[in-house]
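A.B. asks: Structure in structure tokens, see below.
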Amino acid sequence: MDSVLSKDALAHLEVISQVTSHLRSLGFKATRTKSSWLFSLFKPSYPLNSQLVADLMDAIHNTPAQISQPFCSTEEYIKLYYRSFDHKYPNSISLETIFKSYTGD
1 MDSVLSKDAL
11 AHLEVISQVT
21 SHLRSLGFKA
31 TRTKSSWLFS
41 LFKPSYPLNS
51 QLVADLMDAI
61 HNTPAQISQP
71 FCSTEEYIKL
81 YYRSFDHKYP
91 NSISLETIFK
101 SYTGD
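Okay, structure coming up:
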């Protein structure tokens, strides 16, 4: 079934989807270590980086508005939000890569 949304809009939705999955994964890892003390000796600790979570949500919180009523060009949006996050957290999820992989750029 074809979508009425543009390829860029669909790519933005893919970014939101993957960020949501990534945050769920981080949350599960952080809560998994809160079991009994004995079992926590054998499980690695995954502290949840609240600054990373806040910055990740900051990077995508305007995406629905950009999809429905764009307030800047796609390239400017990527630069302002996705690329800024990627530069700050180079060893984390890459928002620009997700977007460009979806669009084929």
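Residue numbers for the sequence shown follow the working numbering, beginning at 1 and rising by one.
Don't be surprised by glycine CBs; every beta carbon is placed ideally from N, CA and C.
Quick caveat: nothing in here was measured; it's all calculated off a predicted structure.
What do you reckon, are the CB atoms on Ala11 and Thr103 nearer than 8 Å?
C.D. replies: Within the sequence shown, residue 11 is the residue found at index 11, counting from 1. Within the sequence shown, residue 103 is the residue found at index 103, counting from 1. Yes, Cβ-Cβ distance for Ala11 and Thr103 is below 8 Å.
A.B. asks: Residues in its own chain within less than 8 Å of Leu80 by CB, not counting five upstream and five downstream?
C.D. replies: Along the sequence shown, read from residue 1 onward, the residue named residue 80 stands at position 80. If we look at Leu80 and ignore the five residues flanking it on each side, its Cβ neighbours are Cys72.
A.B. asks: Measure the C-alpha to C-alpha separation of Glu110 and Arg83 and round it to an integer number of angstroms.
C.D. replies: In the structure as shown, the chain begins at 1 and stops at 105. Residue 110 is therefore absent and cannot be evaluated.
A.B. asks: Quick one: using the 10 Å Cβ neighbour count with 16 as the cut-off for buried, is Asp8 buried or exposed?
C.D. replies: Here residue 8 refers to the residue found at position 8 of the sequence shown. Asp8 comes out buried.
A.B. asks: Whole-angstrom Cβ separation of Val15 and Ile67, contact assumed at under 8 Å?
C.D. replies: Here residue 15 corresponds to residue number 15 of the sequence shown, with the count starting at 1. Here residue 67 corresponds to residue number 67 of the sequence shown, with the count starting at 1. So it is not a contact: roughly 10 Å between Cβ atoms.
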